[in-house]
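The structure appears below as structure tokens.
Numbering (full-length UniProt numbering), first residue to last: 1 to 197.
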């Protein structure tokens, strides 16, 4: 079985070397994110090694720049997710009426050269932007979990599933069996809703 890995962009200043691995070190058919702390590293520094598993069952190992570490810049959380839409009113109907999100009136909606709206998702936001989408809308994976997507934590997947059924919204359930549901907004942007306790 092939080993696949989704990899975030790696630092251009990092150095990498290939190191072979044996099957005994890989216990999963698919590895999504691989992060290993380097041996002998100072815990305070927490330099991470990024690992990408290739089809040839080798590891591409790189050490992250210390200047790019989360501690150096004070990363706290995701502030907002920008989502492109063709028709703001149609998108607002989906995000407000169907999902129940509220507009953040404190954010400026008229100071940018395009129409948009800021919607609260807990302490974070979705920024709807009425702009042309440069990505193709056809040929995307049917299951949103296999496409780039934003994930929203919810309390009850079953209730959201009922709401989607009533509204005629297409969706897929998590392929792993966990309580999560995937759908697309009116512009084809993939969304995941995962249940947390």
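Beta carbons: idealized from backbone N, C-alpha and C, even for Gly.
- Rounded to the nearest whole angstrom, the CA to CA distance from residue 175 to residue 144 is 11 Å.
- Taking the CA atoms as reference points, residue 123 sits about 17 Å from residue 83.
- Residue 172 and residue 151 have their alpha carbons spaced roughly 14 Å apart.
- Look at residue 184 here: in three-state DSSP terms it is strand.
- Across the set 169, 192 and 190, the C-alpha of 169 shows the shortest separation from the C-alpha of residue 97.
- The distance from the Cβ of residue 160 to that of residue 130 is about 26 Å, inconsistent with a contact at the 8 Å cut-off.
- A check of alpha carbon separations from residue 158 across 140, 119, 148 and 179 identifies 179 as the nearest.
- Under the DSSP assignment, residue 105 falls outside any beta strand (DSSP E); it carries neither an H nor an E label.
- For residue 138, DSSP records no beta bridge to any residue.
- Note on residue 156: under 16 other CB atoms within 10 angstroms of its CB, so exposed under the neighbour-count rule.
- Taking residue 147 as the centre and dropping the five residues before and after it, the same chain places the C-beta of 140, 141 and 190 closer than 7 Å to its C-beta, in chain order.
- According to the DSSP assignment, residue 150 belongs to the beta strand (DSSP E) that extends over 149-154.
- The three-state secondary structure of residue 98, taken from DSSP, is helix.
- Between residue 75 and residue 95, the C-beta spacing is not below 8 Å.
- In the structure shown, residue 145 adopts helical secondary structure according to DSSP, grouped into three states.
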